[in-house]
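Asker:
Residue numbers (the working numbering), protein chains in the order written: chain A, 151 to 464; chain B, 151 to 464.
Set out below in C-alpha cells:
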C-alpha cells in the first residue's frame, strides 16, 4: 500500500484531494501549517486507519527531512502554498517562501529518503498576460503576480531536480478553482461582503473579468487522472474547463442564491487588483486527449460552489 | 549626467561593461562581493572621476537600500550572480541566493529610491533543453541547471515589478561568453589544466558539445545597443552569434595557442556536467532587426579570447 504525503492537505484543494486518495485506498499523511488550511476541512478523516495529520512548517527543513526519513513516502502531492494572489502584493516576500522555498524543501526531503514522485500544484498565473489561448508549451512566460512568479520558479526548480536526480514529476496547472472549504477568492469574498451588508455588493474592477472556473472535486479527479495517464519524467498539463464565466455573472448568482436585495457597485478598471489577469482561456487538448474532461461548465461549477458553500446542497 | 549602478561590476562581464559605460560618459558605481569578481579587473578605473567602487553583499538588504537612497541611481545594470553553472550542483541553494535573491534585493532598492530602469543579465539556460532554435518567445521553459532555474525565477520576479511598480526592464539573455578576465568556463579550465600538465588535456564529455560563443566586448556593446533601441516596459532579447564552436575545436585551439604537446582525453558522455546543455542555437532575428550583429564568428571569438587571456594580443 502506497504511503503518500499531501502538503497543504488541510487547505481548500488539499483536503478534497485527501478525500479522493483515501477513497482510492492510499495511506496518507497530511501536513499543513494551518495558515490557510483548517482542521475542520479534514476532521471527518480523523480516526481513519489510513489517515494521519501533522501540523508542520515546511520551511523548517530539519523537520521536513526527519518526516521523510520516518515515513518513506512513495509520492508527494505538494499543494502547500500561499494561494491568495491579491494578498501577496502587500507582502512581497511571502510567495517566495511559501511557494518556492517550500517546494525546494519538499524536493530536498525527497532526496533524503529516495522518494521519487512529486505531484505539484501550479497555476495559469505562470503564463502572465499572454493574449492567445494558453497551451502548455506557449511562451514567453512573464507572470504579473508574485503568485505566478513564485510558482513558475517552483516549476523551474522541479525541472532541475527531475533532470539531475531522477525524480518524476507531474506539474498540474490549475485555473480558478471553486467549491466548498474555500478560504478566499471571488465567491468567498462576495458571500462575506453580502453577509456584512445584504444591500450592496462591491465588485473589484468592471465585472467583465472572464475566466474558466473549475469545481474543486473535478480538479482533484483530474489531478489523479493525469498521474495515472502520463508517464514521462517531467509531465505537465493545464487542468480546466473550456467555458468561462464573467465576474458580473458570479455576482448575480451569489445574490440570487443568497436571496438578498443587493445592488452591485463596480470599483472600475479592467482588473480586480494589481496582478490580476482579467481574461484567459486554457488550451485543454492535452488532458482531453488523455480522456479527462470536466462534466460541469464554468457557470455550473460556480453555481454548484455557491450552493455548497451556502449549505444549500451536499 | 546619469549615475548608474553596476552590480557584479568587478566580475568578468561586469568589468567590461564598466569600461564601456565610462567610455560612453556615464557616472558609475560598481558594487561586487568579490566572490567571483576581482579588484584587478577594474583597477585601471580607480581614480577616474566618474568611477566608484564599493564592496557589498547584495543579500544585506539594509545596506542595499541605504546605497540606493544615498546615490539616487537612474539605472541599474544587475550582473551580480553565481555564473558558474557546474558549481551549483554541489551547493543547491547557492544560485537561489546569488541570482534570485540579489535580484529581489535590487528591485526593492529601486522602489526605495524611485529608480525606474533595470538591465538584467539573463541566459540561454532558462530555455533548458529545447531542441528547436531558441527564439525569445519559445516555450515551455524547463531549465536543467540551478543556474537556469534561478535566472528564470529572477526574470519572472522582474516581470512582476514591471507590471506592478512601473519599472522598465531590459532582460538580455547571454550565450556562452568568452574573453579576458574570465574566472571559469571551458577556456579558463583548459588553460588551467594545461598549465598544470602540458602533456594531457582532459575534456569533460565527448567534445561534441556545440554552442555559440560570443566575445565579451561584443556582448557589452550589444547590451548597450539593446537598451538604446528597445523601449517597451519589459524588453527581452537573445544576444548571441549565429555560428557555433564544438568543445573539441576549443581544445585544439587552446593547445595550439599555448604551443603545448598535449593529447586530448575525453571523459565521455554527451554533456560536460549535470545541468550542461550540450547543444543549442539562438534565433537572433530580434536583435539583428534592431541593427546589431556580432562582428566575430563563434570560432573567432574563441580564438580572440584565448589569445587575450594568454596575453598574446591586447
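Note that CB positions come from ideal geometry on N, CA and C, so glycine has one too. Please read all numbers here as calculations on a predicted model, not as lab measurements.
What's the gap between the Cα of residue 295 of chain A and the Cα of residue 426 of chain B?
Answerer: To locate residue 295 of chain A, count along the first chain from 1; it is residue 145. To locate residue 426 of chain B, count along the second chain from 1; it is residue 276. Taking the straight line from one Cα to the other gives about 30 Å.
Asker: So if I threshold CB-CB distances at 8 Å, which residues from the region 286 to 298 of chain A count as touching chain B?
Answerer: The region 286 to 298 of chain A vs chain B, Cβ under 8 Å: 286, 287, 288, 289, 290, 291, 292, 293, 294, 295, 296 and 298.
Asker: Can you tell me whether DSSP reads residue 271 of chain B as helix, strand or coil?
Answerer: For the purposes of this step, residue 271 of chain B is taken as residue 121 along the second chain, with counting starting at 1. The answer is strand: DSSP assigns residue 271 of chain B an E or B state.
Asker: Would residue 391 of chain B pass as a contact of residue 444 of chain B if the rule is Cβ separation under 8 Å?
Answerer: Against the second chain, residue 391 of chain B aligns to sequence position 241. Against the second chain, residue 444 of chain B aligns to sequence position 294. Going by C-beta atoms, residue 391 of chain B is nearer than 8 Å to residue 444 of chain B.
Asker: Pull up the distance between the alpha-carbon of residue 422 of chain B and that of residue 362 of chain B, whole angstroms please.
Answerer: Along the second chain, one-based indexing puts residue 422 of chain B at 272. Along the second chain, one-based indexing puts residue 362 of chain B at 212. When rounded, the distance between both Cα atoms is 16 Å.
Asker: Chain B partners of residue 307 of chain A, CB-CB under 7 Å?
Answerer: Your numbering for residue 307 of chain A matches position 157 in the first chain. Residues of chain B passing the Cβ test: 299.
Asker: Quick one: grab the DSSP three-state call for residue 424 of chain B.
Answerer: Reading the second chain from its first residue, position 274 is the one you call residue 424 of chain B. Three-state result, residue 424 of chain B: coil.
Asker: Please name the residues in the region 156 to 179 of chain B whose beta-carbon is closer than 7 Å to at least one beta-carbon of chain D, in chain order.
Answerer: The structure shown contains no chain D; the protein chains it does contain are A and B.
Asker: Helix, strand or coil for residue 410 of chain A per DSSP?
Answerer: Position 260 of the first chain holds residue 410 of chain A. Residue 410 of chain A: coil per DSSP, three-state reduction.
Asker: Just curious, the alpha helix (DSSP H) that residue 436 of chain B is in, first and last residue?
Answerer: In the second chain, the residue the question calls residue 436 of chain B occupies position 286. Start and end: 435 to 439.
Asker: Cβ of residue 313 of chain A less than 8 Å from any chain B Cβ?
Answerer: Within the first chain, residue 313 of chain A is the residue found at index 163, counting from 1. Closer than 8 Å: yes.
Asker: Considering only residues of the same chain and omitting the five flanking positions on each side of residue 385 of chain A, which have a CB-CB separation below 6 Å?
Answerer: Looking up residue 385 of chain A in the first chain gives position 235. Excluding residues within five positions, the ones whose Cβ falls inside 6 Å are 320.
Asker: Residue range of the alpha helix (DSSP H) that residue 340 of chain A falls in?
Answerer: Locating residue 340 of chain A in the first chain gives position 190, counting from the first residue. Counting along the chain, the alpha helix (DSSP H) containing residue 340 of chain A begins and ends at 336 to 346.
Asker: Using only alpha-carbon positions, find the residue among B:405, B:217, B:454 and B:242 that is nearest to residue 260 of chain B.
Answerer: On the second chain, residue 260 of chain B is found 110 positions in, with the first residue counted as 1. Closest option to residue 260 of chain B, Cα to Cα, is B:217.
Asker: For residue 240 of chain B, which option in A:252, A:311, A:322 and A:335 has the closest C-alpha, if you only look at C-alpha atoms?
Answerer: Here the question's residue 240 of chain B lines up with position 90 in the second chain. Closest option to residue 240 of chain B, Cα to Cα, is A:311.
Asker: Mark residue 372 of chain A as exposed unless 16 or more other C-beta atoms lie within 10 angstroms of its C-beta, in which case mark it buried.
Answerer: Translated into positions along the first chain, residue 372 of chain A becomes position 222. Buried, by the Cβ-count rule.
Asker: So within the region 175 to 262 of chain B, which uninterrupted beta strand (DSSP E) runs reach at least 3 residues, ignoring any that extend past its ends?
Answerer: If we require 3 residues or more, the beta strand (DSSP E) runs fully inside the region 175 to 262 of chain B come out as 177 to 182, 201 to 205 and 225 to 228.
Asker: Residues of chain A with CB closer than 8 Å to the CB of residue 310 of chain B, please, in chain order.
Answerer: Here residue 310 of chain B is taken as the residue at index 160 of the second chain, counted from 1. In chain order: 293, 294, 295, 296, 298, 299 and 425.
Asker: Where does residue 443 of chain A fall in DSSP's three states?
Answerer: Here the question's residue 443 of chain A lines up with position 293 in the first chain. Coil.
Asker: So what does DSSP say about residue 308 of chain B, is it helix, strand or coil?
Answerer: Position 158 of the second chain, counting from 1, holds the residue named residue 308 of chain B. DSSP places residue 308 of chain B in helix when its eight states are reduced to three.
Asker: Does DSSP put residue 317 of chain B in a helix, a strand or coil?
Answerer: Numbered from its first residue, the second chain carries residue 317 of chain B at position 167. Three-state result, residue 317 of chain B: coil.
Asker: Counting only Cβ pairs nearer than 7 Å, list the residues of chain A close to residue 326 of chain B.
Answerer: Numbered from 1 along the second chain, position 176 holds the residue referred to as residue 326 of chain B. What residue 326 of chain B touches in chain A: nothing, since even the nearest Cβ is about 19 Å away.
Asker: Under 8 Å, CB to CB, which of the residues in the region 370 to 389 of chain B have a partner in chain A?
Answerer: Listed in sequence order: 384 and 386.
Asker: From residue 370 of chain B to residue 271 of chain B, what does the alpha carbon distance come to, in whole angstroms?
Answerer: As a first step, residue 370 of chain B is located in the second chain; it is residue number 220 there, counting from the start. As a first step, residue 271 of chain B is located in the second chain; it is residue number 121 there, counting from the start. Going from the Cα of residue 370 of chain B to the Cα of residue 271 of chain B covers about 10 Å.
Asker: If you count every other CB in all the chains shown that lies within 10 Å of the CB of residue 184 of chain B, and 16 or more means buried, which is it?
Answerer: Taking the second chain and counting its residues from 1, one reaches residue 184 of chain B at position 34. That one is exposed.
Asker: Determine, for residue 239 of chain B, whether the minimum Cβ-Cβ distance to residues of chain A falls below 8 Å.
Answerer: Position 89 of the second chain, counting from 1, holds the residue named residue 239 of chain B. Yes - at least one Cβ of chain A is within 8 Å of the one on residue 239 of chain B.
Asker: Among A:348, A:354, A:160 and A:377, which one has its Cα closest to the Cα of residue 409 of chain A?
Answerer: Position 259 of the first chain, counted from the first residue, corresponds to residue 409 of chain A. The option with the nearest alpha carbon to residue 409 of chain A is A:348.
Asker: Mind pulling the chain B residues with CB within less than 7 Å of residue 278 of chain A?
Answerer: Counted from its first residue, the first chain places residue 278 of chain A at position 128. Within 7 Å Cβ-Cβ: 309.
Asker: Rounded to a whole number of angstroms, what is the C-alpha to C-alpha distance between residue 434 of chain A and residue 281 of chain A?
Answerer: Here residue 434 of chain A is taken as the residue at index 284 of the first chain, counted from 1. Here residue 281 of chain A is taken as the residue at index 131 of the first chain, counted from 1. Cα to Cα, residue 434 of chain A sits roughly 16 Å from residue 281 of chain A.
Asker: Beta strand (DSSP E) containing residue 156 of chain B: first to last residue?
Answerer: Position 6 of the second chain, counted from the start, is the residue given in the question as residue 156 of chain B. 153 to 157 is the span of the beta strand (DSSP E), which, as asked, contains residue 156 of chain B.
Asker: Return the CA-CA distance between residue 152 of chain B and residue 224 of chain B, expressed in angstroms with no decimal places.
Answerer: For this step, residue 152 of chain B is matched to residue 2 along the second chain. For this step, residue 224 of chain B is matched to residue 74 along the second chain. About 6 Å.
Asker: With a Cβ-Cβ cutoff of 8 Å, do residue 337 of chain A and residue 400 of chain A count as a contact?
Answerer: If you number the first chain from 1, residue 337 of chain A lands on position 187. If you number the first chain from 1, residue 400 of chain A lands on position 250. Yes, the pair counts as a contact, with Cβ atoms nearer than the cut-off.
Asker: Step through the CB atoms of chain A and report whether any lies within less than 8 Å of the CB of residue 244 of chain B.
Answerer: By 1-based counting over the second chain, the position of residue 244 of chain B is 94. Not an interface residue.
Asker: With 7 Å as the limit, tell me which residues of the region 328 to 344 of chain B have their beta carbon closer than that to any beta carbon of chain A; keep them in chain order.
Answerer: The residues in question: there are none.
Asker: Tell me the rounded alpha-carbon separation between residue 397 of chain A and residue 365 of chain A.
Answerer: Translated into the one-based positions of the first chain, residue 397 of chain A becomes position 247. Translated into the one-based positions of the first chain, residue 365 of chain A becomes position 215. Going from the Cα of residue 397 of chain A to the Cα of residue 365 of chain A covers about 16 Å.
Asker: Classify residue 367 of chain A: buried if its beta carbon has 16 or more other beta carbons within 10 angstroms, exposed otherwise.
Answerer: Translated into the one-based positions of the first chain, residue 367 of chain A becomes position 217. With 16 or more other Cβ atoms within 10 Å, it is buried.
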